[in-house]
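The opening position of the sequence shown corresponds to residue 15 in the numbering used here, with each subsequent residue numbered one higher.
All C-beta atoms in this analysis are idealised placements derived from N, C-alpha and C, irrespective of residue type, glycine included.
No experiment lies behind these values; they were computed from the predicted model shown.
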Amino acid sequence: MHTNPHDSASHGEVIIAPEVIEYINKRNCDFRICTSCGGPILLSTRVKPPKRSDLLVKAGNHTIYISIHQARFLHSIRMEMIPFFDDDEPGMSY
15 MHTNPHDSAS
25 HGEVIIAPEV
35 IEYINKRNCD
45 FRICTSCGGP
55 ILLSTRVKPP
65 KRSDLLVKAG
75 NHTIYISIHQ
85 ARFLHSIRME
95 MIPFFDDDEP
105 GMSY
């Protein structure tokens with residue numbers, strides 16, 4: 015499942031948003047799409063290591079591993095899949 019971010023989506027292809035590739039390149043590591051209670055999320059493989067059953071997609075000079083459980087439903091990889099944490103939320107103190 016290797017794709018080009020500029021290809022149109024068709025069976026077996028995944029479109030990667032250019033800003034996702036930029037995000038991955040800045041972090042200089044591979045990523046994995048896995049399942050969360052809110053749907054698919056994109057995490058660094060430092061946080062969520064790949065599994066043997068994952069499918070591989072090239073993203074610039076890096077690889078995105080896609081959980082086989084998410085692969086059948088996935089048509090695009092977008093910034094919305096990257097979890098962001100806001101430390102300034104009211105009531106959040108550490």
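Query	Result
Where the beta strand (DSSP E) containing Arg-60 begins and where it ends	Arg-60 -> no beta strand (DSSP E), and no H or E assigned at all.
Terminal residues of the beta strand (DSSP E) in which Ile-38 lies	Where Ile-38 is concerned, there is no enclosing beta strand (DSSP E), although the alpha helix (DSSP H) it sits in stretches over 32-41.
Residue range of the alpha helix (DSSP H) that includes Ile-96	Note, Ile-96: premise wrong, no alpha helix (DSSP H); not H, not E.
Beta-carbon gap between Ala-73 and Ile-38 smaller than 7 Å	yes
Where the alpha helix (DSSP H) through His-83 begins and ends	82-85
Spatial distance of Glu-33 from Phe-45 (CA atoms)	14 Å
Neighbourhood of Met-95 by C-beta, 6 Å cutoff - its chain only, sequence neighbours within 5 removed	Pro-54, Ile-55, Leu-56
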